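**Q** One structure follows; several queries about it will come next.
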Amino acid sequence: MRNFFNQKLLIVLYAGIVAFLSVVIFYRIQEADYVMRLNNSNLSNQSYQIQMKKGTKVSELLERITKSEELEDAQIHFQDRHNSHRIYFYGQGKFSIPPMTSGSFFSTSDFTSAVETAVVGKDWEKELYQPKDQAYLKQDGQYIPVVGVMGSKYKSQLDKQVFISMSSQRAQNTAASAYRIIIDTATKQPVKSATLQKILGAQKVKKLFNTKLITKKDSWVALHSQQALQLVGIVVMALFEILFWIMVSRKDVFTKKFITLNRDRILFHQLALFSFLNGLGLVLGTMLGIFKFSFTTYTSLLMFLGGLYIVLLAAFGIIFAVILDKKKKEE
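Shown next, in the form of structure tokens:
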């Protein structure tokens, strides 16, 4: 009895380790995604590069954006063509705010003001001019008030970025063609490129990032090759549970006494016990991992573990049935 208990406890422990390692891998994926987003100026994968028709002013583009219900939540980056670290920023509604080490990010009032303000990456802190309580950033011979400093515990390109609020004066006096324009729609239902082109009257709209799973060099698998291989290893590791179960069950199940019983009855009993113990281990390991690591979303992790559980049960049922049939023929 004690031997039976110890064997089943090992199955729970093994499944728990598989689940915990899965949590660790998905946490690393989340970290990698987070750093990639920071490297891309905090833009999401719902971002589009916009090319406006010749002669269009920035103010005309912003007017079309503010009038559109589909773009009520959006951030627009006007990237300086001569300085990749300088971005003129415009936002409306709810838009993603980068991590801040001090101060605050732009408010909507900053985009209606004639006075520009700046939010800088933490690498710029030593370059700021601060005579009293207010820090200033010197750009093109002008001193711009700094309202906040961006940064996180991860080193990224965001640390080198300078965001300057798109003032009403600059918008009226500058052609849209002077910038590389990126719009990030933060709505729950992503705006399609054709819809965006129609709303903005743009000459060309294209997706900024590739979101395909496997193809192309900037696909998910290409960007997370190490974690993808680790997940494959987790699947292989999990399948070894079946081999372990067969080894510990050999003395009890694959005997003349049991083989002569109803095949389906034996298979159902073993599958039910395996699914319970394996499921218990996966749940405990996942809970331990989630308690230790913080996630912004659990969807991908839970989908992976749920899929892994189903694959395990299916593989167990097939392999065990084949072995039972083979043993019965031998008898």
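Residue numbers for the sequence shown follow my numbering, beginning at 2 and rising by one.
We treat Cβ as the ideally placed atom computed from N, Cα and C, and that holds for glycine.
In this text, all values refer to a predicted model and were calculated from it rather than measured experimentally.
Just curious, the beta strand (DSSP E) that residue 181 is in, first and last residue?
**A** Residues 180-186.
**Q** Specify whether the segment 21-32 and the segment 295-314 touch according to this definition: at least 3 beta carbon pairs, one from each stretch, less than 8 angstroms apart.
**A** Short answer: they touch.
**Q** In chain order, what residues of the same chain lie with their CB nearer than 7 angstroms to the CB of residue 103, ignoring the 5 residues before and after it?
**A** Taken in chain order, the residues that qualify are 149, 150.
**Q** Taking the C-alpha atoms as reference points, what is the distance between residue 2 and residue 33?
**A** Here residue 2 scores only 48 on pLDDT, less than 50, and its place in the model should not be relied on; the value that follows carries that caveat. If I take the Cα positions, the gap works out to 47 angstroms.
**Q** Return the first residue and the last residue of the alpha helix (DSSP H) that residue 173 is part of.
**A** Here the alpha helix (DSSP H) through residue 173 covers 169-174.
**Q** One question on the structure: do residue 28 and residue 292 come within less than 8 angstroms of each other, judged by their Cβ atoms?
**A** No; because the gap between Cβ atoms is not below 8 angstroms, this pair is not in contact.
**Q** Among the candidates 286, 322, 326, whose CA atom is the shortest distance from the CA of residue 18?
**A** Nearest C-alpha to residue 18: 286.
**Q** Quick one: Cα of residue 205 to Cα of residue 68, how far?
**A** The alpha-carbon atoms of residue 205 and residue 68 are separated by roughly 20 angstroms.
**Q** Enumerate, from N- to C-terminal direction, the unbroken beta strand (DSSP E) stretches of 3 or more residues contained entirely within the segment 4-80.
**A** Runs found: 48-53.
**Q** So is residue 326 buried or exposed if we call it buried at 16+ other beta carbons inside 10 Å?
**A** Exposed, because fewer than 16 other Cβ atoms sit within 10 Å of the Cβ of residue 326.
**Q** Express the C-alpha separation of residue 279 and residue 7 in angstroms, rounding to a whole number.
**A** Straight-line Cα distance between these residues: approximately 14 angstroms.
**Q** Smallest Cα separation from residue 53: which of 191, 267, 177?
**A** Of the candidates 191, 267, 177, the one whose C-alpha sits nearest the C-alpha of residue 53 is 177.
**Q** Where DSSP assigns a beta bridge to residue 146, which residues make up the other side?
**A** In DSSP, residue 146 forms a bridge with 137.
**Q** Using DSSP's beta-bridge definition, name the partner residues of residue 91.
**A** Its beta-bridge partners are 77.
**Q** Can you name the start and end residues of the beta strand (DSSP E) that residue 103 belongs to?
**A** Where residue 103 is concerned, the enclosing beta strand (DSSP E) stretches over 101-104.
**Q** Touch check for the segment 142-161 and the segment 195-203: three-plus C-beta pairs under 8 angstroms?
**A** They do not touch, by the three-pair rule.
**Q** For residue 78, count neighbouring C-beta atoms within 10 Å of its own C-beta (all shown protein chains included) and say buried if the count is 16 or more, exposed if not.
**A** So residue 78 ends up on the buried side.
**Q** Excluding the five sequence neighbours on either side, which residues of its own chain have a C-beta within less than 7 angstroms of the C-beta of residue 123, listed in chain order?
**A** Around residue 123: 102, 150, 151, 152, 160.
**Q** Between the alpha carbons of residue 140 and residue 14, how many angstroms are there, rounded?
**A** Roughly 59 angstroms separates the two Cα atoms.
**Q** What are the boundary residues of the alpha helix (DSSP H) that includes residue 198?
**A** Taken as a continuous stretch (DSSP letters only), the alpha helix (DSSP H) holding residue 198 covers 194-201.
**Q** Rank 135, 12, 130 by C-alpha distance to the C-alpha of residue 142 and give the top, closest one.
**A** Of the candidates 135, 12, 130, the one whose C-alpha sits nearest the C-alpha of residue 142 is 130.
**Q** Suppose you measure from the CA of residue 166 to the CA of residue 46; what does that come to, to the nearest Å?
**A** So the alpha carbons of these two residues sit roughly 23 angstroms apart.
**Q** If you draw a straight line from the alpha carbon of residue 172 to that of residue 118, how long is it in whole angstroms?
**A** The alpha-carbon atoms of residue 172 and residue 118 are separated by roughly 14 angstroms.
**Q** So, with DSSP's three-state summary, where would you put residue 294?
**A** The answer is coil: DSSP assigns residue 294 none of H, G, I, E or B.
**Q** One question on the structure: do residue 75 and residue 106 come within less than 8 angstroms of each other, judged by their Cβ atoms?
**A** No; because the gap between Cβ atoms is not below 8 angstroms, this pair is not in contact.
**Q** Under a three-way DSSP split, which group does residue 271 fall into?
**A** In this structure, residue 271 counts as helix in the three-state DSSP scheme.
**Q** Do you know how far the Cα of residue 146 is from the Cα of residue 88?
**A** Approximately 15 angstroms between the Cα atoms of the pair.
**Q** Which term fits residue 20, buried or exposed, when burial requires 16 or more other beta carbons within 10 angstroms of its beta carbon?
**A** Buried is the call here.
**Q** Determine the burial state of residue 183: buried for a count of at least 16 other Cβ atoms within 10 Å of its Cβ, exposed for fewer.
**A** Per the 10 Å Cβ criterion, buried.
**Q** Which whole-angstrom value is the C-beta distance of residue 138 and residue 163, which I expect to be below 8 angstroms?
**A** Yes, residue 138 and residue 163 are in contact; Cβ-Cβ is about 7 angstroms, under 8 angstroms.
**Q** With a 10 Å radius around its C-beta and 16 neighbouring C-beta atoms as the bar for buried, classify residue 128 as buried or exposed.
**A** Label assigned to residue 128: exposed.
**Q** Can you check whether the CB of residue 185 is closer than 8 angstroms to the CB of residue 48?
**A** Yes, the pair counts as a contact, with Cβ atoms nearer than the cut-off.
**Q** According to DSSP, residue 122 sits in a beta bridge with which residue or residues?
**A** The partner list for residue 122 (beta bridge, DSSP) reads 151.
**Q** Note the first and the last residue of the continuous beta strand (DSSP E) segment covering residue 380.
**A** No statement about residue 380 is possible, as the shown extent of the chain runs from 2 to 332 and does not include it.
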